[in-house]
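Undergrad: Structure below; questions to follow.
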């Protein structure tokens, strides 16, 4: 296997195999991961990241494919990170073939990667932030992140994307479901897909009404637009791209883009730090000190909070 510096250089040149190898290193938490992230750092922060979420069956993959087509017409290099449910047997992505996106498979300016959640809740893979850095560093102008589509645990996409798109479809009860679990709060752009079906206008009206409930936006604040599409036929996709570009411009003009990316970086650093601390706690499980603390808690001689404080002191001392 090529060394990290060579892989990063090849990824910068747009070579799909190098990008794939780097993302594999990320997914496997390989020993070279630190070196990979350090090498990519100077090239990060350029890509515009769009997250697509919504319930199963609303057409996320079809919409993602249609957006790839639209952005390629604009001359953009596009990366797609499709996060799928994990196979309980192999840990791999169940929908890894991404049949709906095969039309882009031969385009060298499009990179599509399926990633398994591997049991991670929230609709995203734990490795998604680092994988996004790889695609960003590889020169992608736009990165589309398609989440699992588990309904109410999708809010995590808002932490990883510059713009969050929430997809709904008529006849699926999505208008009501959209109010659940913060889905309304995370949407920057709402899409009523399969708009050729009966009930599309009603779904859009209901969504518009719900967005207006309790609205306390100040002048200049972003009000999420509602776009109707038939992604399978490419209808309404240009309007969706226009809405995304308007939101991107608003983010840049107001400073919200930089603020969101700082929050994203803070969460990434925090996650890496917590993972390191968990690993150190794991190392202590066979340690006499932890066994002694556990014994005192079990006997009632010590409360768990005091025991935890002493363990933290042990880890950070």
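Residue numbers (this note's numbering): 6 to 322. Beta carbons: idealized from backbone N, C-alpha and C, even for Gly.
With distance defined between alpha-carbon atoms, name the residue in 111, 29, 307, 75 nearest to residue 241.
TA: Nearest option by C-alpha distance: 75.
Undergrad: By DSSP's criteria, residue 233 is part of a beta bridge. Which residues make up the other side?
TA: 197
Undergrad: Report yes if the C-beta distance between residue 231 and residue 212 is below 8 Å; otherwise report no.
TA: yes
Undergrad: Specify the secondary structure class of residue 35 as computed by DSSP and reduced to three states.
TA: coil
Undergrad: Which residues in the same chain as residue 253 place their Cβ atom closer than 8 Å to its Cβ, once the five residues preceding and following it in sequence are excluded?
TA: 53, 167, 168, 262
Undergrad: What separation, rounded to the nearest whole angstrom, lies between the Cα atoms of residue 68 and residue 205?
TA: 16 Å
Undergrad: Determine the direct distance from the alpha carbon of residue 85 to that of residue 17, and round the result to whole angstroms.
TA: 16 Å
Undergrad: Is residue 171 helix, strand or coil by DSSP?
TA: strand
Undergrad: Is residue 63 helix, strand or coil when you go by DSSP?
TA: coil
Undergrad: Name the one or two DSSP bridge partners that residue 57 has.
TA: DSSP lists 151, 170 as partners of residue 57.
Undergrad: Could you check how far apart the C-beta atoms of residue 208 and residue 57 are, in whole angstroms? I think they sit under 8 Å.
TA: Actually they do not touch by this definition, with Cβ atoms about 17 Å apart.
Undergrad: Tell me, please, which residues DSSP counts as bridged to residue 87.
TA: Paired residues: 119, 151.
Undergrad: Sort out for me which residues DSSP pairs residue 240 with in a bridge.
TA: Paired residue(s): 235.
Undergrad: Take every Cβ of the region 223–238, pair it with every Cβ of the region 35–46, and state whether three or more of those distances are shorter than 8 Å.
TA: no
Undergrad: Please return the same chain residues whose Cβ sits closer than 7 Å to the Cβ of residue 51, not counting the five positions on each side in sequence.
TA: 141
Undergrad: Can you have a look at residue 33 and say buried or exposed, based on whether 16 or more other CB atoms are within 10 angstroms of its CB?
TA: exposed
Undergrad: Report all residues from its chain with a CB closer than 6 Å to the CB of residue 303; omit the five preceding and five following residues, and keep chain order.
TA: none
Undergrad: I think residue 203 touches residue 175, with their Cβ atoms under 8 Å apart; what is that distance to the nearest whole Å?
TA: 7 Å
Undergrad: Pick helix, strand or coil for residue 142, following the three-state DSSP scheme.
TA: helix
Undergrad: Is there at least one non-hydrogen atom of the ligand HEM closer than 7 Å to the beta-carbon of residue 31?
TA: As presented, the structure is devoid of all ligands, the ligand HEM included, so that no description of it is given.
Undergrad: Starting from the Cα of residue 279, find the closest Cα among 259, 108, 320 and give me that residue.
TA: Looking at the Cα atoms, 320 is the closest of the given residues.
Undergrad: Given that a residue counts as buried once 16 or more other Cβ atoms are within 10 Å of its Cβ, and exposed if not, what is residue 306?
TA: exposed
Undergrad: Find out if the Cβ-Cβ distance for the pair residue 196, residue 149 is shorter than 8 Å.
TA: no
Undergrad: Would you identify the three-state DSSP class for residue 2, choosing helix, strand or coil?
TA: Because the chain spans 6 through 322 in this model, residue 2 falls outside it and cannot be assessed.
Undergrad: Residue 285 to residue 301, Cα distance in whole Å?
TA: 21 Å
Undergrad: Counting only the same chain and skipping the five closest in sequence on each side, list residues whose C-beta sits under 7 Å from that of residue 144.
TA: 17, 19, 82
Undergrad: Measuring CB to CB, does residue 199 end up less than 8 Å from residue 64?
TA: Yes; because the gap between Cβ atoms is below 8 Å, this pair is in contact.
Undergrad: Need the endpoints of the alpha helix (DSSP H) that residue 320 sits in, please.
TA: 309–321 is the span of the alpha helix (DSSP H), which, as asked, contains residue 320.
Undergrad: Just verifying my parser: in three-state terms, what is the DSSP assignment at residue 111?
TA: DSSP places residue 111 in coil when its eight states are reduced to three.
Undergrad: Look at the alpha carbon of residue 308 and the alpha carbon of residue 88, and state the distance between them as a whole number of angstroms.
TA: 41 Å
Undergrad: Under a three-way DSSP split, which group does residue 283 fall into?
TA: Correct three-state label for residue 283: helix.
Undergrad: Could you have a look at residue 15 and say whether DSSP puts it in helix, strand or coil?
TA: Residue 15: helix per DSSP, three-state reduction.
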